[in-house]
Structure formats: structure tokens, C-alpha cells
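Note that the protein sequences, when read in sequence, are chains A and B.
For the first sequence, the working numbering gives the first residue as 1, with consecutive numbering after it.
For the second sequence, the working numbering gives the first residue as 1001, with consecutive numbering after it.
Everything below concerns the one structure shown next.
2 protein chains.
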Amino acid sequence: MEIILAKRAGFCFGVKRATQMAFEAADKGGETFTLGPIIHSPQVVQKLKEMGVGLLDDLSTLDNGTIIIRSHGVTAEELEEAVRKQLEIIDATCPFVKKAQEHVKSLSQAGYDVVVVGDADHPEVQGIVSYATGKVYVVGSGEEAGQLPRMGKVGIVAQTTQSFENLKNVVKECLMKGGEIRVFNTICDATAVRQEEAKELARKADCMIVIGGFNSANTRRLAEVCKELLPKTHHIETAAELKQEWFTGVTKIGVTAGASTPMWIIDEVIERLKLMGND
Amino acid sequence: MEIILAKRAGFCFGVKRATQMAFEAADKGGETFTLGPIIHSPQVVQKLKEMGVGLLDDLSTLDNGTIIIRSHGVTAEELEEAVRKQLEIIDATCPFVKKAQEHVKSLSQAGYDVVVVGDADHPEVQGIVSYATGKVYVVGSGEEAGQLPRMGKVGIVAQTTQSFENLKNVVKECLMKGGEIRVFNTICDATAVRQEEAKELARKADCMIVIGGFNSANTRRLAEVCKELLPKTHHIETAAELKQEWFTGVTKIGVTAGASTPMWIIDEVIERLKLMGND
């Protein structure tokens, strides 16, 4: 049984950076927490917990110590609260997300109505949106953008993991909404590149294993695009979920992983697959 | 024979304003010239000539007197030359065109590479383009925009008579060309509204008469869209070109006119048509 691992499987730049910052803080010790899960990987969150780094949903109970800002970022209000409480802040917000937050802030201050292309329920989007000081709208598609009211100057940014096609459709609709449209393309192509590679793999494999948190939107989407090409696609979080029966008659297994999947979990899966292949 | 005149036939706001300014200057007398034809109407140019207002292609031969800047605008260099020569300047540039020129200038100064959506040979576009101090490209379609090189910050404006669809297609392509795209929608909807009205008329008439200069792009386009719906469409400049044979069996004539067609020419056509209808 041949096992092919996608070149871009696992951590993207921002996740890698955030995880490193969190583990370094854990090594230092002291009262340390992350505000929200540091990345969308229950296993990384669990490992940090074992190292003494707790997980807080908000800052109401914390009066001193160190707070780590997760890769998706937090809202402007949460960051302000941390500053006000004089907590030690380790800001592990992905630099690409930070850029989107800054564009929203400056567009808003310059009098633009802001449109954020993304999923309104996603913490990254909630963080980005919070930096607007004027009107701000979240739209998931060109169709939704078509429902927006007439605006003055329109500023547009995107959730970093959005598809380029979606951004294009929103921009097209917004051209009819105001006299000036200013678009910052804040999409990070790591997601698109990973998906393209996974699709290529799904086309030549008999079975695909997609590894990553069930709460990770990019991993779920990755599994979906593979499944469209290869119904024998399985989304797992850890090696323990692998089932021998999936591999009956399989000669080529493709493996990829979401942006928040640590290498050690990918390695465990590969090892287990090798053992299964020898059975 | 019923004659229906389109509500928006003839002069648009910018042309009306420019013509008025030119005739007022003519009334005042003195050594007065227009730099390029004041509007794309040979009849208006001829009338001004009869009133003593000459037509210059460039300023090389003029050392004093009054120069009238046409509705389409001129290049930044031509305007500078007029200022340097201390000529009296009457700037009849359409305010919408002026806006596009100003946007190009400020985008350029702010470090944007500028894309102008329009016809590179049109004097309006040549004027707009001249205000760029950095890189500037003219594209006629989304397809052409796709050929542009990768840029830094991209600023986009459109020739005022472009179709909105064309602007959208260019913007879509440019989203792939740079990290920031700033679009000023400089399209004046007079052209679109006029075309829509003409199409409506062409659908219910047996014959369409489109009046306007053969050198007027908007009139030519107006005749084209009518002809697509009604092959019995005729583009004329003056009443003298009307032919009785066009109206055999015709019961309903639609009449419209381009943005640079003066009312007196439209009136003459209507009068002649009435006479022909009585034959």
C-alpha cells in the first residue's frame, strides 16, 4: 500500500507561529491562558493544558498573568480589556489577519462603509469586524452583497481563508453600491494551494485521509473538496480513528491535513497507516 | 405617420454646459478659439465658426486671446501650455470628465498604478491618461485587463461613457493584479439611460432615426444598439439626409439623438419627418 503525503499538509505560517509562541510561553511557566483556543486543534489545546496553559472564553475572571491571543485574533474590545487590566499580552494573531483588522480600522476612520467577505460566525471575522468604527457588513456571497444598501465610499476586505471567486463576486456587486470601491485583497493563498494539491492527490489515490479538528472550517472544506472527487475520503482528528476496513483493496492512499493540524498528529497517522498496510 | 421623440434625446449635462460656455464666449467677441472641436457635432462647430470662434488642433500658433477647453477635456500638457502662454482659458471640460482626471492625478500621486477603462484613441481618454504621473494603462475590456502585468496598488477609473458591465469585468481581472484595488466609478449614466430608452423605442417603432455626428462615438453606439433590434435604423447628421423611401409602409417612427446633438437639429429633423408623413 503506497502512502502519499501532500506537500502542504498541516500548519500554515500563521498557525505555526501562534503554536510556537504558545509553547514558548508554556515553557516559561507562570499564570498563562489563551483567549479562545489558540488554533482549531483540540490536541494542541490539550497539550498546552497539560503544560499549564489554560483556556479562557473571556477575560472577566482574569486579573493578572499572561494572556495569549489566538491565531484568528480577538475583538478590539477584548484586546482593550487585556490592556486595561495590564495583563501581559502575547499577540499570536496571524499577521495576515492582523492586516485585515488594520485595513478595516483605517478604512472605517477614513469614512468608508466596510464590507467583510466571510462567515459571520467565524471568530476571525468577528475580530476583523470589531475594528470598524463606522458602518460594517459581513457578506458570505455575491448574492448577499447584492442585498446591501446604497453606500458612500465602500471598503472591502476578506476573511483570509475565503475563495478568490467569492471576493470577486462581492466586489462586482459592490461596484453598484457606491461611487468609490476600495478593495484590500486579504486572502492568504495557503488555503487555495492546499486545496488544489489535495484535489490532485484525490484524483490519483484510491482513498484519501484528511486530518484535522472537526471544529476547523478549513479542514472540513478540505475533506469536502476531496470527497467530491473521491467518495472514499475520511476526515479524522487522530490516528485512533483509522479503520482497517477502509483500506480493503486500496493500493494508493493520499494524506493531507488542515492548517491547524500539528505535524506530530500527521506523523502518527502515517505510522499507523504503514502498520495497516503490512497487515 | 406617428413620430415619437425619445425623452433623453440630445445634449447631456456636460455638452449643454460646454456649448453654452462657447456661445457666451462667442457673443463676447475677441480672438477666441476652441482647442479641438468643442463637442462632437460638426454643426455646432460650424455655427461657432460663423460667430468668429476658430478651431485649433494645438496651441503652437496661438500667443494671445481666449482658448476654450472642449467638453472631453484636453491633456495636462495642453492646459499647462495655455497657462504658460497666459491665454484666457474657458474650461468647458465636462465636470464628470474633470473628476476622472482628478482621480487619476491623485491616485498616481498616492503611488497607484492607474488603469483607465476606455477607448485609447478617444480624446477624453487621452486627456484623462495625461494626468497620471506614474504608470498608466488603457484597457478596452476585461480580456485586455487580463494581459496587464502584476502591479502594486491598482487605481481604476473609466471613460465617462463606458458601460458598467465593462468596468465590472476589468475590476474582476485587476483583483488578481495587485493587493489593493481602488475603483472610482466615473461612469455617467446619461449614456446608459439614453440607450435603454432608445431600445425601448426601437422595440415599438417600425423605423428609427438616430441623429448625431458621424464622429460621435456615443451616437454611433446608439445607432448600433437600435439596429440590433430594428434593422430599419438610420444614423443621420442633419434633416437633409432623410430619404422619403425609408418610410414606405412605416406608421411609427422613433427618433433619438446622441449626447452632442443640438436641439435645433433634432427640431429640423422632426419638422422634415412631419412633412414627409403628409406626402
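Don't be surprised by glycine CBs; every beta carbon is placed ideally from N, CA and C.
Q.
For Arg8 of chain A and Glu197 of chain A, which I take to be in contact (beta-carbon distance under 8 Å), what is that distance rounded to the nearest angstrom?
A. Against the first sequence, residue 8 of chain A aligns to sequence position 8. Against the first sequence, residue 197 of chain A aligns to sequence position 197. Contact between Arg8 of chain A and Glu197 of chain A is confirmed by a C-beta separation of about 5 Å, below the 8 Å threshold.
Q.
Can you confirm whether Phe1023 of chain B, when its beta carbon is compared against all beta carbons of chain A, has any partner nearer than 9 Å?
A. Within the second sequence, numbered from 1, the residue matching residue 1023 of chain B stands at position 23. No, Phe1023 of chain B does not count as interfacial toward chain A.
(Q) Using C-beta distances below 8 Å, list every residue in its chain close to Ile1266 of chain B, excluding the 5 sequence neighbours before and after it, in chain order. (A) Mapped onto the second sequence, residue 1266 of chain B falls at position 266. Contacts found: Leu1005, Ala1009, Gly1010, Ile1211, Val1255 and Ala1257.
Q: Inspect the beta-carbon positions of Cys188 of chain A and Val250 of chain A and report whether they are closer than 9 Å.
A: The residue you call residue 188 of chain A lines up with position 188 of the first sequence. The residue you call residue 250 of chain A lines up with position 250 of the first sequence. Result no, Cβ atoms of Cys188 of chain A and Val250 of chain A do not sit closer than 9 Å.
Q: Quick one: list the residues of chain B neighbouring Leu175 of chain A, beta-carbon separation under 9 Å, in chain order.
A: On the first sequence, residue 175 of chain A is found 175 positions in, with the first residue counted as 1. Within 9 Å Cβ-Cβ: Phe1164, Leu1167, Lys1168, Val1171, Val1183 and Asn1185.
**Q.** From B:Thr1034, B:Val1225 and B:Gly1054, residue whose alpha carbon lies closest to that of Ser1163 of chain B
**A.** To locate residue 1163 of chain B, count along the second sequence from 1; it is residue 163. Closest option to Ser1163 of chain B, Cα to Cα, is B:Val1225.
Q) Just checking, does the segment 1095-1104 of chain B make contact with the segment 1149-1169 of chain B on the three C-beta pairs under 8 Å criterion? A) Yes, the segment 1095-1104 of chain B is in contact with the segment 1149-1169 of chain B.
Q: Please list the partners that Gly146 of chain A has in chain B, where partner means a Cβ-to-Cβ separation under 7 Å.
A: Here residue 146 of chain A refers to the residue found at position 146 of the first sequence. For Gly146 of chain A, there are no neighbours in chain B by C-beta distance under 7 Å, as the nearest C-beta there is about 13 Å away.
Q: Please report the residue range of the alpha helix (DSSP H) in which Asp1267 of chain B lies.
A: One-based indexing of the second sequence puts residue 1267 of chain B at position 267. Taken as a continuous stretch (DSSP letters only), the alpha helix (DSSP H) holding Asp1267 of chain B covers Met1263 to Asn1278.
**Q.** Run of the alpha helix (DSSP H) containing Thr19 of chain A, from where it starts to where it stops
**A.** Within the first sequence, residue 19 of chain A is the residue found at index 19, counting from 1. Run containing Thr19 of chain A: Phe13 to Lys28, per the alpha helix (DSSP H) assignment.
Q. What is the DSSP secondary structure of Ala1257 of chain B, reduced to helix, strand or coil?
A. If you number the second sequence from 1, residue 1257 of chain B lands on position 257. In this structure, Ala1257 of chain B counts as strand in the three-state DSSP scheme.
**Q.** Residue span of the alpha helix (DSSP H) that contains Glu1080 of chain B, given as start and end
**A.** Residue mapping note: residue 1080 of chain B aligns to position 80 of the second sequence, counting from 1. Start and end: Ala1076 to Arg1084.
Q) Between which two residues does the alpha helix (DSSP H) carrying Val225 of chain A extend? A) The residue you call residue 225 of chain A lines up with position 225 of the first sequence. Where Val225 of chain A is concerned, the enclosing alpha helix (DSSP H) stretches over Ala217 to Leu229.
Q) Should Glu124 of chain A be labelled buried (16 or more other beta-carbon atoms within 10 Å of its own) or exposed? A) As a first step, residue 124 of chain A is located in the first sequence; it is residue number 124 there, counting from the start. Taking every protein chain shown into account, the CB of Glu124 of chain A has 16 or more other CB atoms within 10 angstroms, so this residue is buried.
(Q) I'd like the list of long-range same chain contacts for Ala25 of chain A, defined as Cβ closer than 8 Å, with 5 residues on each side in sequence excluded. (A) To locate residue 25 of chain A, count along the first sequence from 1; it is residue 25. Within the same chain, Ala25 of chain A has close Cβ partners Thr32, Val53, Thr66, Ile68 and Ile90.
Q: Give a yes or no on whether the C-beta atoms belonging to Met1151 of chain B and Gly1178 of chain B are separated by under 9 Å.
A: Residue 1151 of chain B sits at position 151 when you count from the first residue of the second sequence. Residue 1178 of chain B sits at position 178 when you count from the first residue of the second sequence. Between Met1151 of chain B and Gly1178 of chain B, the gap from beta carbon to beta carbon is short of 9 Å.
Q | Close beta carbons around Val104 of chain A, own chain, < 8 Å, minus the five adjacent residues each side | A | Walking along the first sequence from the start, residue 104 of chain A turns up at place 104. If we look at Val104 of chain A and ignore the five residues flanking it on each side, its Cβ neighbours are Val114, Val116, Ile128, Val129, Tyr131, Ala132, Val136, Gly155 and Val157.
Q | Enclosing alpha helix (DSSP H) for Cys174 of chain A [first to last residue] | A | The residue labelled residue 174 of chain A in the question sits at position 174 within the first sequence. Counting along the chain, the unbroken alpha helix (DSSP H) around Cys174 of chain A starts and ends at Phe164 to Cys174.
Q: Please check the pair Val1170 of chain B and Ala1192 of chain B, which I expect to be a contact at CB under 8 Å, by giving their CB distance rounded to whole angstroms.
A: Residue 1170 of chain B sits at position 170 when you count from the first residue of the second sequence. Residue 1192 of chain B sits at position 192 when you count from the first residue of the second sequence. Wrong, their Cβ atoms sit about 17 Å apart, outside the cutoff.
Q | Simplified DSSP state of His103 of chain A, which is helix, strand or coil | A | Taking the first sequence and counting its residues from 1, the one referred to as residue 103 of chain A is at position 103. Three-state result, His103 of chain A: helix.
**Q.** For Gln195 of chain A and Thr233 of chain A, the rounded distance between their alpha carbons
**A.** The residue given as residue 233 of chain A occupies position 233 in the first sequence. The residue given as residue 195 of chain A occupies position 195 in the first sequence. One C-alpha to the other measures close to 14 Å.
Q.
Going by DSSP, what residue range makes up the beta strand (DSSP E) through Arg182 of chain A?
A. Sequence index remark: in the first sequence, residue 182 of chain A carries index 182 (1-based). That run of the beta strand (DSSP E) goes Glu180 to Phe184.
Q: Round the Cβ separation of Phe1094 of chain B and Ala1018 of chain B to the nearest angstrom and send it over; I've been treating them as touching at under 8 Å.
A: Position 94 of the second sequence holds residue 1094 of chain B. Position 18 of the second sequence holds residue 1018 of chain B. Note on residue identity: the sequence assigns Cys, not Phe, to residue 1094 of chain B. Right, the Cβ-Cβ distance comes to about 7 Å (below 8 Å), so this counts as a contact.
Q: Let me know if Asn64 of chain A comes out buried or exposed under the rule of 16 or more other beta-carbons within 10 Å of its beta-carbon.
A: Residue 64 of chain A sits at position 64 when you count from the first residue of the first sequence. A residue is called buried once 16 or more other Cβ atoms fall within 10 Å of its Cβ, and Asn64 of chain A, having fewer, is exposed.
Q.
Is there a C-beta anywhere in chain A that falls below 9 Å from the one on Gly1118 of chain B?
A. Residue 1118 of chain B sits at position 118 when you count from the first residue of the second sequence. No, Gly1118 of chain B lies away from the interface with chain A (no Cβ there is under 9 Å from its Cβ).
Q. How close, in whole Å, do the beta carbons of Glu2 of chain A and Leu35 of chain A come, if the pair is a contact with beta carbons under 8 Å?
A. Position 2 of the first sequence, counted from the start, is the residue given in the question as residue 2 of chain A. Position 35 of the first sequence, counted from the start, is the residue given in the question as residue 35 of chain A. In this structure Glu2 of chain A does not touch Leu35 of chain A by the C-beta definition: roughly 43 Å separates them, more than the 8 Å allowed.
Q: Taking Gly179 of chain A as the query, report the chain B residues whose CB atoms sit under 8 Å from its CB, ordered along the chain.
A: As a first step, residue 179 of chain A must be located in the first sequence, where it is residue number 179. Correct list: Phe1184 and Asn1185.
Q) Hey, out of B:Ser1141, B:Phe1184 and B:Gly1213, whose CA is closest to Val1045 of chain B's CA? A) Counted from its first residue, the second sequence places residue 1045 of chain B at position 45. Closest by alpha carbon: B:Gly1213.
Q: Alpha carbon to alpha carbon, how far is Glu143 of chain A from Leu1087 of chain B? Give it in angstroms, no decimals.
A: Counting from one through the second sequence, the residue named residue 1087 of chain B turns up at place 87. Counting from one through the first sequence, the residue named residue 143 of chain A turns up at place 143. Rounded to whole angstroms, Leu1087 of chain B to Glu143 of chain A spans 54 Å at the Cα level.
Q: Specify the secondary structure class of Gly54 of chain A as computed by DSSP and reduced to three states.
A: As a first step, residue 54 of chain A is located in the first sequence; it is residue number 54 there, counting from the start. Correct three-state label for Gly54 of chain A: strand.
Q.
Does Leu1275 of chain B pass the burial test, meaning 16 or more other C-beta atoms within 10 Å, or should it be called exposed?
A. Numbered from 1 along the second sequence, position 275 holds the residue referred to as residue 1275 of chain B. Taking all protein chains shown into account, Leu1275 of chain B has fewer than 16 neighbouring C-beta atoms within 10 Å of its C-beta and is therefore exposed.
Q. Where does the unbroken beta strand (DSSP E) through Thr191 of chain A begin, and where does it stop?
A. Within the first sequence, numbered from 1, the residue matching residue 191 of chain A stands at position 191. Thr191 of chain A -> not in any beta strand (DSSP E); alpha helix (DSSP H) instead, spanning Ala190 to Lys204.
Q.
So if DSSP puts Glu245 of chain A in a beta bridge, which residue, or which two residues, is it bridged to?
A. Here residue 245 of chain A refers to the residue found at position 245 when the first sequence is read from its first residue. Paired residues: none, contrary to the question.
Q: Under the assumption that Glu180 of chain A contacts Phe1184 of chain B (Cβ atoms under 8 Å), give the Cβ distance between them as a whole number of angstroms.
A: Sequence index remark: in the first sequence, residue 180 of chain A carries index 180 (1-based). Sequence index remark: in the second sequence, residue 1184 of chain B carries index 184 (1-based). Glu180 of chain A to Phe1184 of chain B, Cβ: 5 Å. Contact.
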